[in-house]
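K.L.:
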Amino acid sequence: MAGNGSGASQWELGWRRRLFVWEQDLLRDLLEVLPAIEFSDSADAWFWDLEDDGRFLVKSVYLLLGSVFNSESVFNDSQLKVFKNIVKSPTPSKVLAFSWKILRSRIPTKVNLVHHGIHVNGGMECVFCRGREETSDHLFLYCDFADLVWKAICRWLGLVIVIPPNPFLLFDCFLGAASSKNIRSGFSLIWHATVWSIWRLRNEVIFSNGVKDLEKVVNALKLLSWKWGLRQHKIPVCLFYEWCWDPGLCLRR
Ligand SMILES: [Zn+2]
């Protein structure tokens with residue numbers, strides 16, 4: 001915060017690296033909502049502006065974000081419906097945030113990095129198929145490897161799904177194939193665990209000399225979805241081998 005010579009104050013923000021273009025847009029939004037500060041001699045105190053009594057509630061943040069998304073039309077109606085189902089999923093918050101970034105195409109894929117002026121060793125090629133550029137849609141949907149992963153998931157869940165052209169629709173397909181609230185919750189977990197596991201394997205291949213391994217990624221997402229569901233009491237208690245055998249059976253208990 002610095003004075004401008006006329007008695008008023010303005011924000012002077014410093015960053016450790018150059019901001020991406022989309023971050024500059026966020027910064028502009030932030031500066032618009034940051035209130036002008038008036039200094040006084042009274043003691044500082046925390047006050048959450050969205051509640052009358054000043055106490056922080058997650059609910060008020062959720063409602064604020066909902067109004068922002070609705071008013072700015074970040075998503076169209078069908079995307080908004082999917083987004084609401086995604087944030088309701090019993091998944092760790094870091095994974096929800098990651099899935100949200102996929103839907104906004106804001107994860108640091110090679111193509112995104114290069115478009116924001118960051119040098120990427122080895123070019124923009126996908127590490128799994130070594131032929132196409134690594135965009136978000138490619139990595140999670142169109143890549144031959146991603147296709148094998150989703151086909152393995154569909155076989156596991158007993159689903160027949162033609163992989164749709166974007167991750168919103170794929171999430172919708174998963175939930176649409178579920179016949180009860182419990183199964184929807186489980187399928188939603190598995191969708192999150194799948195994109196999370198594909199991303200983790202991609203990072204292992206790039207940064208830790210990992211290898212493309214279909215069985216490994218499928219086993220990882222089975223374990224993650226089972227652990228997340230049990231931890232948040234969102235799937236009936238079952239053993240891991242039962243979950244691997246038939247998650248639908250576990251979810252119908
Ligand atoms: Zn690929």
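The sequence shown stops at residue 253 when you use my numbering, and every number in between is there. All C-beta atoms, glycine included, are put in the ideal place defined by N, C-alpha and C. Please read all numbers here as calculations on a predicted model, not as lab measurements.
1) With respect to the alpha helix (DSSP H) encompassing Gly176, which residues constitute its N-terminal and C-terminal limits?
2) Below 8 angstroms on the Cβ atoms is my contact criterion, and I expect Cys226 with Phe240 to pass it. Report the Cβ-Cβ distance as a whole number of Å.
3) Could you give the C-beta distance for Arg202 and Val127, rounded to a whole number, given that I count them as a contact under 8 angstroms?
4) At a cut-off of 8 angstroms, is Arg200 close to ligand 1 when judged by its beta-carbon and the heavy atoms of the ligand?
5) Is it buried or exposed for Phe168, if we count other Cβ within 10 angstroms and need 16 for buried?
6) My understanding is that Ile198 touches Val149, with C-beta atoms under 8 angstroms, so please give their C-beta distance in whole angstroms.
7) Could you tell me if Pro90 is buried or exposed, where buried requires 16 or more neighbouring beta carbons within 10 angstroms of its beta carbon?
8) Count the other C-beta atoms from every protein chain shown that fall within 10 angstroms of the C-beta of Arg184, then say buried if there are 16 or more, exposed otherwise.
9) Check whether the Cβ atoms of Leu64 and Leu50 sit closer than 9 angstroms, and answer yes or no.
10) Can you give me the C-alpha to C-alpha distance between Ile38 and Ile102, rounded to a whole angstrom?
11) Decide if Leu31 is buried, meaning its Cβ has at least 16 other Cβ atoms within 10 Å, or exposed.
12) Give the straight-line distance between the Cα atoms of Asp52 and Ser60, rounded to the nearest whole angstrom.
13) What are the boundary residues of the alpha helix (DSSP H) that includes Leu214?
14) In the structure shown, what three-state DSSP assignment does Glu125 receive?
15) With 16 other CB atoms within 10 Å as the buried threshold, where does Pro247 fall?
16) Please state the DSSP three-state secondary structure of Glu32.
17) Say the cut is 8 angstroms; is the CB of Asp144 nearer than that to a heavy atom of ligand 1?
18) Below 9 angstroms between beta carbons: does that hold for Val195 and Ser99?
19) Just the Cα atoms here: how many angstroms apart are Trp15 and Leu159?
20) Compare the Cα-Cα distances from Ser157 to each of Leu249, Glu12, Val21, Lys88 and report the closest residue.
21) Looking only at C-alpha atoms, which of His233, Glu125, Ser179 sits nearest to Val205?
22) Among all the DSSP beta bridges, which residues are the ones paired with Glu133?
23) How would you call Ile118, buried or exposed, if buried means at least 16 neighbouring beta carbons within 10 angstroms?
24) Return the chain-ordered list of same chain residues with a C-beta closer than 7 angstroms to the C-beta of Val87, the five sequence neighbours on each side being excluded.
25) For Phe145, count neighbouring Cβ atoms within 10 angstroms of its own Cβ and tell me buried if that reaches 16, exposed if not.
26) Could you check if Trp48 is buried or exposed, using at least 16 other CB atoms within 10 Å of its CB as the buried criterion?
P.N.:
Answer, in terms of the structure:
1) Unbroken alpha helix (DSSP H) run through Gly176: 167 to 176.
2) Residue identity check: residue 226 is Trp in the sequence provided, not Cys. About 6 angstroms separates the two Cβ atoms, so the contact holds.
3) About 6 angstroms; that satisfies the 8 angstroms criterion.
4) For Arg200, the Cβ stays outside the 8 angstroms cut-off from all heavy atoms of ligand 1.
5) In summary, Phe168 is buried, with 16 or more beta-carbon neighbours lying within 10 Å of its beta-carbon over all protein chains present.
6) At roughly 6 angstroms, the Cβ-Cβ gap stays under 8 angstroms, so Ile198 and Val149 are in contact.
7) A residue is called buried when at least 16 other Cβ atoms come within 10 angstroms of its Cβ; Pro90 meets this threshold and is buried.
8) Label assigned to Arg184: buried.
9) Yes, they are a contact pair.
10) For clarity, residue 38 is Glu in the given sequence; the question names Ile instead. Across the structure, Glu38 and Ile102 are spaced so that their CA atoms are roughly 40 angstroms apart.
11) When all chains shown are included, Leu31 counts as exposed.
12) Across the structure, Asp52 and Ser60 are spaced so that their CA atoms are roughly 11 angstroms apart.
13) Element bounds for Leu214: 214 to 231.
14) Note: Glu125 maps to strand in three-state DSSP.
15) Burial call: buried.
16) Annotated three-state conformation of Glu32 is helix, per DSSP.
17) Checking the Cβ of Asp144 against ligand 1 gives yes.
18) Going by C-beta atoms, Val195 is nearer than 9 angstroms to Ser99.
19) Computed Cα separation, rounded: 47 angstroms.
20) Per the sequence presented here, residue 157 reads as Leu, with Ser not at that position. Comparing alpha carbon positions, the residue from Leu249, Glu12, Val21, Lys88 closest to Leu157 is Leu249.
21) The shortest CA-to-CA distance from Val205 to any of His233, Glu125, Ser179 is the one to Glu125.
22) Per DSSP, the beta bridge partners of Glu133 are Glu125.
23) Within 10 angstroms of the beta-carbon of Ile118 lie fewer than 16 other beta-carbons, which makes it exposed.
24) Closer than 7 angstroms at Cβ, skipping near neighbours: Leu96.
25) Buried, because 16 or more other Cβ atoms sit within 10 Å of the Cβ of Phe145.
26) Counting Cβ neighbours within 10 Å, Trp48 comes out exposed, since fewer than 16 surround it.
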